[in-house]
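Chemist: Residue numbers (this note's numbering): 289 to 517.
Just so it is clear, CB atoms sit at the ideal spot from N, CA and C, and this is done for glycine as well.
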């Protein structure tokens, strides 16, 4: 097993975020996570005590993220691996039929949320000149699909944001855009319906993806990678 890492995960309450947290803890790493659901965070706190830490945070709210960052860093949990996985998907609809408030919410979480976490946590990582930032993209960050334009737009943005960030980091660090592949999550069911059941479950995905993520390093800076099948 590799040395214990401090791993920060956004969107830890369900889907890929939760599966990664469980796998990382099983492998002996320290997990710090956030999500909007207070009930889910309470469950994680009950199941996984210290040194793990779980907090209720809406990543679209910059002041909330800033307060969370201050608390996490004060708890000596500077991330070695930062996984920006929090995201939502719009309800399937042609672009001109997506309500403005729904479009904005997808942008606020999927793009601004990633920015807020980077804005607050990465300066401390840069000061130490170490750490890997993984921003979760999607198959739809490299292709498109009808009726999913807002989500596609955010994931294409993540690809560009990550490449630009990579050029700004000092040697010894990395920023990587990850396409996790297609996994059976609640979010996938919003667009695939029952067809989502044909794909891998998050825990099966995490068993292969987590070692892959732990293996990322400075040589991967600026890469657009895909999780192993």
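#1: What are the start and end residues of each continuous beta strand (DSSP E) run of 3 or more residues lying completely inside the segment 366–407, in chain order?
#2: Within 10 Å of its beta-carbon, does residue 289 have 16 or more other beta-carbons around it, so buried, or fewer, so exposed?
#3: With respect to the alpha helix (DSSP H) encompassing residue 358, which residues constitute its N-terminal and C-terminal limits?
#4: Which residues bound the beta strand (DSSP E) around residue 421?
#5: Give the single residue among 454, 324, 460 and 414 whose Cα lies nearest to the Cα of residue 505.
#6: Go through its chain and collect everything with a Cβ distance to residue 383's Cβ below 6 Å, but skip five positions before and after it.
#7: As a quick exercise: from 295, 450, 468 and 326, pick the residue whose alpha carbon is nearest that of residue 515.
#8: By Cβ distance, which residues of its chain are closer than 6 Å to residue 402, with the 5 residues on each side in sequence left out?
#9: Along the chain, where does the alpha helix (DSSP H) that runs through residue 330 open and close?
#10: Assess contact between the segment 403–416 and the segment 326–341, defined as three or more Cβ pairs (one per stretch) separated by less than 8 Å. Is contact present?
Modeler: Taking the geometry as given:
#1: 369–372
#2: Residue mapping note: residue 289 aligns to position 1 of the chain shown, counting from 1. Caution applies to residue 289, whose pLDDT of 47 falls short of 50 and renders its modelled position unreliable; the value that the coordinates give is listed next. Burial call: exposed.
#3: As a first step, residue 358 is located in the chain shown; it is residue number 70 there, counting from the start. Counting along the chain, the alpha helix (DSSP H) containing residue 358 begins and ends at 350–362.
#4: Within the chain shown, numbered from 1, the residue matching residue 421 stands at position 133. From DSSP, the beta strand (DSSP E) with residue 421 extends over 419–424.
#5: Residue mapping note: residue 505 aligns to position 217 of the chain shown, counting from 1. When only C-alpha atoms are compared, the closest one is 460.
#6: If you number the chain shown from 1, residue 383 lands on position 95. The residues are 437.
#7: Working through the chain shown from its first residue, we reach residue 515 at position 227. Out of 295, 450, 468 and 326, 468 has the C-alpha closest to the C-alpha of residue 515.
#8: As a working mapping, residue 402 is identified with position 114 in the chain shown. Same-chain partners within the cutoff: 372 and 423.
#9: By 1-based counting over the chain shown, the position of residue 330 is 42. Start and end: 326–335.
#10: no
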